[in-house]
Amino acid sequence: MPKRTVKIKRIENAATRQITLLKRRAGLFKKAHDLSVLCEAEVAIIIFSEKGKLFEFARPRRSCF
Numbered sequence: 000m001p002k003r004t005v006k007i008k009r010i011e012n013a014a015t016r017q018i019t020l021l022k023r024r025a026g027l028f029k030k031a032h033d034l035s036v037l038c039e040a041e042v043a044i045i046i047f048s049e050k051g052k053l054f055e056f057a058r059p060r061r062s063c064f
């Protein structure tokens, strides 16, 4: 069974958009963690929400880059 293609477009509803950000952020951070463990790679992700809130992920943990 072929994988479905998801159309990427802006989510108009602000509440739905926020929920989607939280869910996708968690998935992205998990994949980044897996990549860092499997490949012994240093991985960092920085995300700013629509309201300017900062979300960060780094493996291995560093005080600064």
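For the sequence shown, numbering that gives the first Met the number 0 begins at 0 and goes up steadily by one. For each residue, glycine too, the CB sits at the ideal point set by N, CA and C.
Where DSSP assigns a beta bridge to Leu53, which residues make up the other side?
One-based indexing of the sequence shown puts residue 53 at position 54. Phe47.
My output table needs one value for Val42: the three-state DSSP class, helix, strand or coil.
Here residue 42 refers to the residue found at position 43 when the sequence shown is read from its first residue. Looking at Val42 - three-state DSSP - the assignment turns out to be strand.
Measuring only the C-alpha atoms, how far is Ser48 from Met0?
For the purposes of this step, residue 48 is taken as the residue at position 49 of the sequence shown. For the purposes of this step, residue 0 is taken as the residue at position 1 of the sequence shown. Cα to Cα, Ser48 sits roughly 35 Å from Met0.
Residues near Lys45 by beta carbon distance below 6 Å, same chain, minus five either side:
Reading the sequence shown from its first residue, position 46 is the one you call residue 45. Here residue 45 turns out to be Ile, not Lys, going by the sequence shown. For Ile45, where only same-chain residues beyond five positions count, the Cβ hits under 6 Å are Glu55.
Could you please give me the residues that DSSP links to Arg58 through a beta bridge?
As a position in the sequence shown, residue 58 is number 59, starting the count at 1. Per DSSP, Val42.
Nearest candidate by alpha-carbon position, reference Lys50, set Arg58, Ala14, Ala57, Lys8
Position 51 of the sequence shown, counting from 1, holds the residue named residue 50. Among Arg58, Ala14, Ala57, Lys8, the Cα nearest to that of Lys50 belongs to Ala14.
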